[in-house]
Amino acid sequence: MTYKPISQLLYDERACKIIFELVTTGCGPTQFGHAEDSELGYLTLWEKYGSGSTRHIHIMHDGLIEHYYGDQLEPLGNIFELVDQIRMLGYSA
809 MTYKPISQLL
819 YDERACKIIF
829 ELVTTGCGPT
839 QFGHAEDSEL
849 GYLTLWEKYG
859 SGSTRHIHIM
869 HDGLIEHYYG
879 DQLEPLGNIF
889 ELVDQIRMLG
899 YSA
């Protein structure tokens with residue numbers, strides 16, 4: 809299988825929602841909001857939140873993934889499941 813570069817996730821809202829839901833499972837009510845590109849070399853998936861707190865998932869173009877709630881780094885859960893999901897969606901670092 810030929811994989812698309814992870815940077816192309818920016819244009820695939822369906823895939824971003826699936827990844828966001830997988831990473832945030834068990835984190836309480838969340839709602840995927842937006843994907844944006846950063847000049848620093850990563851995509852940010854973030855949620856819509858009525859309060860001042862936000863949840864962000866940074867996906868670096870080299871494959872590193874970080875999950876933040878506010879300014880706190882959060883665990884990613886089963887990283888193998890996440891990698892499998894990203895590859896099933898047709899993407900790889």
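Note that this note's numbering has the sequence shown beginning at 809, numbered continuously upward. Note that CB positions come from ideal geometry on N, CA and C, so glycine has one too.
- Here residue 896 carries a helix assignment [DSSP, helix/strand/coil].
- Excluding residues up to 5 positions away in sequence, 885 lie with their Cβ nearer than 8 angstroms to the Cβ of residue 834 in the same chain.
- Under the DSSP assignment, residue 830 falls in the alpha helix (DSSP H) whose first and last residues are 821-831.
- Taking the Cα of residue 836 as reference, the smallest distance to any Cα among 823, 824, 819 and 861 is reached at 861.
- In this structure residue 850 is in contact with residue 867, their Cβ atoms being roughly 6 angstroms apart against a cut-off of 8 angstroms.
- Excluding the 5 residues flanking it on each side, residue 846 has same chain C-beta neighbours closer than 7 angstroms at 852, in chain order.
- By a beta-carbon distance limit of 8 angstroms, residue 881 does not contact residue 843. Their separation comes to about 20 angstroms.
- Residue 848 and residue 812 have their C-alpha atoms some 20 angstroms from each other.
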